[in-house]
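This report refers to the structure that appears directly beneath it.
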Amino acid sequence: MAPFFPNAWFGWGWLALLWAIVFVAAYVDFRRYLIPKPLTVTLFGLGLLANLVRGGWLGVHEKSVWLLPHGIWLGAIDGLLFALAGFLTGFGLFFALWLLRTCGGGDVKLFAAIGTWIGPGLCLWVLGLSIVLVAILATLKALYGLITQGPRETLPDLSSRRPAEKELSVQEMLARGQRPKRLLSFSFPLALSLVLFLAWKFRDELRLPERFSAATTGSLKR
Numbered sequence: 727m728a729p730f731f732p733n734a735w736f737g738w739g740w741l742a743l744l745w746a747i748v749f750v751a752a753y754v755d756f757r758r759y760l761i762p763k764p765l766t767v768t769l770f771g772l773g774l775l776a777n778l779v780r781g782g783w784l785g786v787h788e789k790s791v792w793l794l795p796h797g798i799w800l801g802a803i804d805g806l807l808f809a810l811a812g813f814l815t816g817f818g819l820f821f822a823l824w825l826l827r828t829c830g831g832g833d834v835k836l837f838a839a840i841g842t843w844i845g846p847g848l849c850l851w852v853l854g855l856s857i858v859l860v861a862i863l864a865t866l867k868a869l870y871g872l873i874t875q876g877p878r879e880t881l882p883d884l885s886s887r888r889p890a891e892k893e894l895s896v897q898e899m900l901a902r903g904q905r906p907k908r909l910l911s912f913s914f915p916l917a918l919s920l921v922l923f924l925a926w927k928f929r930d931e932l933r934l935p936e937r938f939s940a941a942t943t944g945s946l947k948r
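Residues in the sequence shown are numbered consecutively from 727, following the working numbering.
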């Protein structure tokens, strides 16, 4: 299998930058119920640049990136195509979730920007793990709220809503001074799944097993 990163240090820097921005987005979303556009635009631009550099670097070592043959210029172009395909895949997947009203518009932009980093294939894996984490974390949070606060404070109040009443968006509720009730935002499980899956996926390239083995051996000797 062709390597994804030119070397381990490039991989660690690449992933650290991606994870840092995504966790900042998740934190802002948790505090303000939105993901700022400048953050997602920055993530998108850096994703294009990161794959452009990654593709050219792999091309120097005569290793292919995605579809095109190896070579510094072909590798850079291939890295750019990889990023754009990831963007379209990420946007399409989360746009479908947005149509089902399971995520917000900021989540769509965030995952589309993440797609420029990880490409189309990995988008599917990260989305699948994110949905699993959303279900688990939302269930645990709901159970904790039911135990500590009761159903009235935990679950949205639907009894007083009229049948023809228009459901307010999160931003409209915030503008009225109301705090929306939601079990969990999508951005934090997405950030968590991004760390867990990519660390596992690239464990050999990042030399995680070797370091873990060395640390374990050292602790046993002590």
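Cβ atoms here follow ideal geometry from the backbone N, Cα and C, with glycine treated the same way.
CA-to-CA distance, residue j to residue i, given in whole angstroms
i       : j       : result
Asp-755 : Ser-919 : 16 Å
Gly-949 : Ile-798 : Summary: the structure shown does not reach residue 949, with the chain confined to residues 727 through 948, and so no result is reported for it.
Ala-890 : Leu-825 : Any answer about Ala-890 is weak, because its pLDDT of 42 lies below 50 and its placement is not dependable; what the coordinates show is given next. Whole-angstrom Cα-Cα distance: 20 Å.
Ala-776 : Leu-769 : 10 Å
Arg-887 : Leu-872 : Only weak support exists for where Arg-887 lies, its pLDDT of 47 falling under 50; the coordinates are left without a value.
Leu-894 : Trp-740 : Interpretation of Leu-894 is limited by its pLDDT of 49, a score under 50 that renders its predicted location unreliable; no figure is taken from the coordinates.
His-787 : Leu-774 : 20 Å
Lys-892 : Trp-745 : At Lys-892, the pLDDT of 47 sits below 50, so the modelled position is not reliable and the matter cannot be decided from this model.
Ala-861 : Leu-772 : 30 Å
Val-858 : Leu-743 : 25 Å
Gln-875 : Trp-843 : 41 Å
Ala-802 : Thr-815 : 20 Å
Asp-930 : Pro-762 : 34 Å
Beta-carbon spacing of residue i, residue j below 8 Å
i       : j       : result
Gly-841 : Cys-829 : no
Gly-805 : Pro-846 : no
Phe-820 : Phe-837 : yes
Trp-738 : Leu-932 : yes
Gly-832 : Leu-760 : yes
Leu-765 : Val-779 : no
Lys-789 : Ala-734 : no
Integer Cβ distance of residue i from residue j, believed to fall under 8 Å
i       : j       : result
Val-852 : Phe-923 : 6 Å
Leu-736 : Phe-928 : First, the residue type needs correcting, since residue 736 is Phe and not Leu in the sequence shown. So it is not a contact: roughly 11 Å between Cβ atoms.
Top-ranked residue by Cα proximity to residue i, from the options
i       : options                               : result
Trp-783 : Ile-761, Leu-810 and Pro-732          : Pro-732
Val-748 : Arg-757, Ala-839, Thr-815 and Phe-817 : Ala-839
Lys-835 : Val-921, Val-767, Thr-865 and Asp-930 : Val-767
Ala-752 : Asp-930, Gly-854, Pro-935 and Val-921 : Val-921
Ser-911 : Trp-926, Ala-925 and Ala-868          : Ala-868
Gly-854 : Thr-865, Leu-823 and Leu-866          : Leu-823
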